[in-house]
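Asker: Position 45 (the sequence shown) corresponds to 45 in full-length UniProt numbering; numbering is contiguous.
Just so you know, even glycine gets a beta-carbon here, dropped at the ideal spot from N, CA and C.
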Amino acid sequence: PTIQWIRAMLISRVITTTQNGESITVVANRGCPQGGVLSPLLWLLVADELLELLTQAGYEVVAYADDLNITVRGKFDSVVSDRMQRALNIVQKWCSDEGLHLNPEKTTIVPFTNRRKLSLVTPTLQEQRI
């Protein structure tokens, strides 16, 4: 019964939005309901495979709800740049395999360094520079 309830919650959702007095209603058959109590747990159950792939590849990963933080380390800028691109490639392939879409505009890089100047090669996600 619990699995059937979760399936119904995810597949049979009707979403209505109103803008300028005009309403649009669609049936959502993908994703977790935004703000749903179970949504973070359901997402983590799905994303566990991605977290495992990244961990096995040597990355430190922290996930919270649908946000993901991947820590990339290296002594040389070229090594860090290469590792960032490889991490993004893992995420992009997993999302593609799962039928999910990434938004490059919501993807950011936050460099931390002891040096004043970094010369990282900016990685790409879906052929867009991050």
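Going by C-alpha to C-alpha distance, which of Leu125, Asn114, Arg115 and Ala63 sits closest to Leu44?
Answerer: It is Ala63.
Asker: For Val27, name the three-state secondary structure that DSSP assigns.
Answerer: DSSP places Val27 in strand when its eight states are reduced to three.
Asker: Helix, strand or coil: how does DSSP classify Asp97 here?
Answerer: Asp97: helix per DSSP, three-state reduction.
Asker: Measure the C-alpha to C-alpha separation of Ala87 and Gly36 and round it to an integer number of angstroms.
Answerer: Cα to Cα, the separation comes out at about 29 Å.
Asker: Is the distance from the Cβ of Val26 to the Cβ of Gln85 below 9 Å?
Answerer: The answer is no: Cβ separation not under 9 Å.
Asker: What do you get for Leu54, buried or exposed, if any count of 16 or more other CB atoms within 10 angstroms of its CB means buried?
Answerer: Burial call: buried.
Asker: Residue range of the alpha helix (DSSP H) that Glu49 falls in?
Answerer: Counting along the chain, the alpha helix (DSSP H) containing Glu49 begins and ends at Ser39 to Gln56.
Asker: How many Å lie between Glu49 and Gly99 at the Cα?
Answerer: Their Cα atoms are separated by approximately 14 Å.
Asker: For Leu125, list the residues DSSP reports as bridge partners.
Answerer: Partner(s): Gln128.
Asker: Using only alpha-carbon positions, find the residue among Leu10, Pro123 and Thr17 that is nearest to Ser78.
Answerer: Selected option, being the one with the closest Cα: Pro123.
Asker: Between Thr17, Pro111, Glu22 and Ser39, which lies nearest to Gly74 when the distance is taken from Cα to Cα?
Answerer: Among Thr17, Pro111, Glu22 and Ser39, the Cα nearest to that of Gly74 belongs to Pro111.
Asker: Look up Ile15 in the DSSP assignment and give the residues it is bridged to.
Answerer: Bridge partners of Ile15: Val26.
Asker: When DSSP builds the beta bridges, which residues end up paired with Ile70?
Answerer: Note: Ile70 sits in a beta bridge opposite Val61.
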